[in-house]
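The structure under discussion appears below in the form of structure tokens.
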Amino acid sequence: MTVREAVAAVTRALTDELVVCTTGFISRDACAAADRPGNFYMIGSMGLAPAIGLGLAVTRPSRRVVVFDGDGALLMALGTLAMAAQWKPKNFYHVVFDNEAYASTGHQPTPTREVALDAVAAASGYARVARVESVPALTEALAPWLAAPGPAFLLVKCARDAAAPSGRIPHAPPAITQRVMQAAGASA
Amino acid sequence: MPPAAAPANPTDEALAALTSERFTFFTGVADSLVGPLIARLSEGSSPRYRPAVREDTAIGFAAGAYLAGGWPCVLMQNSGLGYCLNALTSLNLIYQIPTLLIVGYRGYQRHDADAPEHLVMGRACEQLLTTIGVPVHVPAPGALPGAIHAASQWMREHRTPSAVLVRPDVLGGHTA
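Residue numbers (our numbering), protein chains in the order written: chain A, 1 to 188; chain B, 1001 to 1176.
Structure representation (structure tokens):
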């Protein structure tokens, strides 16, 4: 399972969630899977996706917030796991696509071959933690995982994607902000 | 002879300014200079202040609150600005996500010259923020509410962050 396949599988399971997509190929794969107005595509500030998602979740408790994170990005701000456990937003769903590499910059390795991020999330205090390693397992896990309360963590172990990367995000950053605010019901 | 009016409490005045500017979301990382403000925002059974683990994480947390319709404020010490540079430049400033930064001004005019860790950022922080496009207010004692109003006005007009640096003599916090 590549990150691209995993992102597409999760996207198919979504309805009206707000989704924060981390920097790099994960945002591009999310946009390629479905350019949802509720997708916040990050092109910078790597590592801050779960923090942004938490801000959305605690401010708008009536909406489910999903974070599309990567292993390298999560490791950049691992302390954010403690914040999720502290605020315990029931509407917060943290998906980590873990390909054990910084894929967007040439697949340099991250330490997650040795570090089990699902165990780290469990130790941090997430209400529910799951791990999947294939598209069928992911597809089967998603509906119940999204239906039960958070904060929930889903580790999706992925393989290297040899295909050409998905295209760049076609929206200017301020337009992304406006789209997400409208999708969130926030007056811009 | 009428009784003298009680001297205004600078923390009360700052809270009143934040309320009148309708700030709804407060996060940040501990600082002693802005500590009196953090303490007041942390009171009650559902405190308005939600601490973050690091200053750039606080910037992200606040950005999410803004996307959901909040009007965010991040409190920190100026040593945290280093961590925030990438968040401010590649999130807030390009996505037009405003945030009020209330920043303890450690090393202000070398007032704590016995704390070497404050001196370089104390010398550079105003210029650092101005250089990346975040306007800076350095209010004198009594002028903090006016600076909060001006910063919020900038945020409304430009949809980008604005900073208020809090000198050691403004809120009565300490730099230990």
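Ideal Cβ placement from N, Cα and C applies to all residues, glycine included.
Does the segment 76 to 89 of chain A touch the segment 1047 to 1066 of chain B, meaning 3 or more C-beta pairs lie closer than 8 Å? yes
By the 10 Å Cβ neighbour count, where 16 or more other Cβ atoms means buried, how is A/A143 classified, buried or exposed? Translated into positions along the first sequence, residue 143 of chain A becomes position 143. So A/A143 ends up on the exposed side.
Under 8 Å between the Cβ atoms of A/R60 and A/A172? For the purposes of this step, residue 60 of chain A is identified with residue 60 of the first sequence, where counting begins at 1. For the purposes of this step, residue 172 of chain A is identified with residue 172 of the first sequence, where counting begins at 1. The answer is no: Cβ separation not under 8 Å.
Would A/Q182 be called buried (16 or more neighbouring beta carbons within 10 Å of its own) or exposed? Counting from 1 along the first sequence, the entry for residue 182 of chain A is found at position 182. Looking at its Cβ environment, which holds fewer than 16 other Cβ atoms inside 10 Å, A/Q182 is exposed.
Counting only beta-carbon separations shorter than 8 Å, does B/Y1105 have a partner in chain A? As a first step, residue 1105 of chain B must be located in the second sequence, where it is residue number 105. No, B/Y1105 does not count as interfacial toward chain A.
Assigned exposure category for B/V1120 - 16 Cβ within 10 Å defines buried: For the purposes of this step, residue 1120 of chain B is identified with residue 120 of the second sequence, where counting begins at 1. So B/V1120 counts as exposed.
Under 8 Å by beta carbon: chain B residues contacting A/L48: Counting from 1 along the first sequence, the entry for residue 48 of chain A is found at position 48. Near A/L48 (Cβ distances below 8 Å), the residues of chain B are D1056, T1057, I1059, G1060, A1063, A1087, L1091.
Thinking C-beta only, is B/Y1105 closer than 8 Å to B/L1033? Here residue 1033 of chain B is taken as the residue at index 33 of the second sequence, counted from 1. Here residue 1105 of chain B is taken as the residue at index 105 of the second sequence, counted from 1. Yes. Within cutoff.
Distance between beta carbons of A/L56 and A/A84, contact taken as under 8 Å: Numbered from its first residue, the first sequence carries residue 84 of chain A at position 84. Numbered from its first residue, the first sequence carries residue 56 of chain A at position 56. Contact doesn't hold; Cβ gap of about 12 Å is too wide.
Provide the residue(s) that pair with A/K88 in DSSP beta bridges, ordered along the chain. Position 88 of the first sequence, counting from 1, holds the residue named residue 88 of chain A. Partner(s): none; A/K88 has no beta bridge.
Report the residue from B/F1023, B/L1081, B/N1092, B/L1067 whose alpha carbon sits nearest the alpha carbon of B/Y1049. In the second sequence, counting from the first residue as 1, residue 1049 of chain B sits at position 49. Out of B/F1023, B/L1081, B/N1092, B/L1067, B/F1023 has the C-alpha closest to the C-alpha of B/Y1049.
A/F40 and A/I176 look like a contact to me (Cβ under 8 Å); what is the Cβ gap, rounded to whole Å? Taking the first sequence and counting its residues from 1, the one referred to as residue 40 of chain A is at position 40. Taking the first sequence and counting its residues from 1, the one referred to as residue 176 of chain A is at position 176. 6 Å between Cβ atoms; contact.
Per DSSP, B/A1063 is paired with what? The sequence position of residue 1063 of chain B within the second sequence is 63, counting from 1. DSSP, once it has assigned bridges, lists no residue as partnering B/A1063.
Neighbourhood of A/A9 by C-beta distance below 6 Å, restricted to the same chain and skipping five residues each side: Locating residue 9 of chain A in the first sequence gives position 9, counting from the first residue. Correct list, in chain order: V135, L138, T139.
Does chain A have any CB closer than 8 Å to the CB of B/F1023? Locating residue 1023 of chain B in the second sequence gives position 23, counting from the first residue. No - not a single Cβ of chain A is within 8 Å of the one on B/F1023.
At least 3 beta-carbon pairs within less than 8 Å: the segment 148 to 162 of chain A vs the segment 84 to 100 of chain A: yes
Alpha carbon of B/A1151 to alpha carbon of A/Y102, nearest angstrom: One-based indexing of the second sequence puts residue 1151 of chain B at position 151. One-based indexing of the first sequence puts residue 102 of chain A at position 102. For B/A1151 and A/Y102, the distance between alpha carbons rounds to 38 Å.
CA-to-CA distance, A/D29 to B/R1040, given in whole angstroms: On the second sequence, position 40 is the one that residue 1040 of chain B refers to. On the first sequence, position 29 is the one that residue 29 of chain A refers to. Using only the alpha carbons, I get a separation of about 44 Å.
Determine, for A/W87, whether the minimum Cβ-Cβ distance to residues of chain B falls below 8 Å. Counting from 1 along the first sequence, the entry for residue 87 of chain A is found at position 87. It does: the Cβ of A/W87 has a partner Cβ on chain B nearer than 8 Å.
Between B/V1166 and the rest of its own chain, which residues show a CB-CB distance below 6 Å, the 5 nearest in sequence each way excluded? Along the second sequence, read from residue 1 onward, the residue named residue 1166 of chain B stands at position 166. For B/V1166, where only same-chain residues beyond five positions count, the Cβ hits under 6 Å are L1033, V1034, G1104, Y1105.
Start and end of the beta strand (DSSP E) containing A/R4? Within the first sequence, residue 4 of chain A is the residue found at index 4, counting from 1. Element bounds for A/R4: not the beta strand (DSSP E) but the alpha helix (DSSP H), 3 to 12.
Where in the segment 38 to 124 of chain A do unbroken runs of the beta strand (DSSP E), each at least 3 residues long, occur, reported from the N-terminal end onward? 39 to 41, 65 to 70, 92 to 98
Proximity winner among B/L1128, B/T1099, B/V1170, relative to B/Q1153 (alpha-carbon distances): Taking the second sequence and counting its residues from 1, one reaches residue 1153 of chain B at position 153. For the residues B/L1128, B/T1099, B/V1170, the minimum Cα distance to B/Q1153 belongs to B/T1099.
For B/Q1077, which beta-bridge partners are listed by DSSP? Numbered from 1 along the second sequence, position 77 holds the residue referred to as residue 1077 of chain B. DSSP lists B/G1104 as partners of B/Q1077.
For the beta strand (DSSP E) containing B/V1166, list its first residue and its last residue. The sequence position of residue 1166 of chain B within the second sequence is 166, counting from 1. 1162 to 1166 is the span of the beta strand (DSSP E), which, as asked, contains B/V1166.
In or out: B/G1133 buried (at least 16 other Cβ within 10 Å) or exposed? Position 133 of the second sequence, counted from the first residue, corresponds to residue 1133 of chain B. That one is exposed.
For the alpha helix (DSSP H) that contains B/R1040, what are its first and last residues? Residue mapping note: residue 1040 of chain B aligns to position 40 of the second sequence, counting from 1. Element bounds for B/R1040: 1035 to 1041.
Contacting positions in the segment 11 to 35 of chain A - beta carbon closer than 9 Å to chain B: L18, V20, T23
Measuring only between beta-carbons, confirm whether A/F68 sits less than 8 Å from chain B. Counting from one through the first sequence, the residue named residue 68 of chain A turns up at place 68. Cβ-Cβ to chain B under 8 Å: no for A/F68.
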